[in-house]
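Everything on this sheet refers to the single structure shown next.
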Amino acid sequence: FRILAATNADLGAAVESGAFRADLYYRIEGLKLTMPPLRDRPEDIRLLAEHFLGDNAVSMQLPADALRFTSEAMRAMERYRWPGNVRELRQAVHSSAVLRNLDTNELGVDALPEQIATAADREASIQGIDASLLDRIATVADEIGAPDLLSEIRDHLTDRALATTEGKKRAAARALGMRESTLRRQLKIRDKTKGDGGS
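Using the numbering used here, read the sequence shown as starting at 25 and increasing by one per residue.
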């Protein structure tokens, strides 16, 4: 016979502390799969949300493809951090399906749970400064002889993004429209510059 077991506990540590039986642990350890949290797999959010939505449609005696998210609702879900992981996503999709627009069978941002919609609004507000505005600021900074102006604005936006995302660099980078590695490099350069006396 086969046993399929899942846990969010560290069973190795539980064995060491005596909270879990060692003999049972070694019998069931066989194949170990570790899934990263949903926030680290943003590319899976759309696939999972559409799958759960199809399940909800079928349970409502509708065709599996009868319900759909608006593009705004999908973007909001892709921006959200999902502290409750896949279970939270499944529940959010279920409640959104219940609150959908019955005329169009569309699930908009207004159908999403409040914490998802408001988190998406906060991150979207960070993206309010576009590249053309930054180019204009750079031009003005050169004209008025303030070369550090653009750097100060970038630092301010970075700090705001990090504060909004509670220090989560991956989410802050996404909100700023850059790769996480770029954000980390910018922060490292900034910290080094400050450490050298801001020269």
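The beta-carbon is built from N, C-alpha and C at its ideal position, and this holds for glycine as well.
Leaving aside the five residues before and after residue i along the sequence, list all residues of the same chain whose C-beta is less than 6 Å from its C-beta, in chain order.
i	result
Gln115	none
Val39	Ala46, Tyr49
Leu173	Ala165
Leu200	Ala185
Ala29	Ile52
Gly132	Thr94, Ala97
Mind checking whether residue i and residue j have CB atoms under 7 Å apart?
i	j	result
Glu102	Pro66	yes
Arg124	Ala135	yes
Ala197	Thr189	no
Leu62	Asn109	yes
Phe44	Leu35	yes
Measure how close the beta-carbons of residue i and residue j come, nearest whole angstrom, since I'm counting them as under 8 Å.
i	j	result
Ala81	Ala90	5 Å
Lys192	Arg208	Going by Cβ atoms, the distance from Lys192 to Arg208 rounds to 12 Å, so no, they are not a contact pair.
Would you identify the three-state DSSP class for residue i, choosing helix, strand or coil?
i	result
Arg92	strand
Glu130	strand
Asn225	Only positions 25 to 223 of the chain appear in this structure, which leaves residue 225 out of reach.
Ala37	helix
Ser223	Any answer about Ser223 is weak, because its pLDDT of 48 lies below 50 and its placement is not dependable; what the coordinates show is given next. Looking at Ser223 - three-state DSSP - the assignment turns out to be coil, as it is neither helix nor strand.
Cutting at 8 Å between CB atoms, please list the residues of its own chain near residue i, excluding the five before and the five after it.
i	result
Arg105	Arg63, Ala143, Thr189, Lys192, Ala195
Within the same chain, show all residues whose beta-carbon is closer than 7 Å to that of residue i, passing over the 5 residues directly before and after it, in chain order.
i	result
Ala88	Gly78, Ala81, Val82
Val117	Ala73, Phe76, Leu77, Asn80
As an exercise, report each continuous alpha helix (DSSP H) stretch of at least 4 residues that is fully enclosed by the region 95–122, in chain order. 95–103, 109–122
Could you tell me which whole alpha helix (DSSP H) segments of length 4 or greater appear in the region 172–196? 173–188
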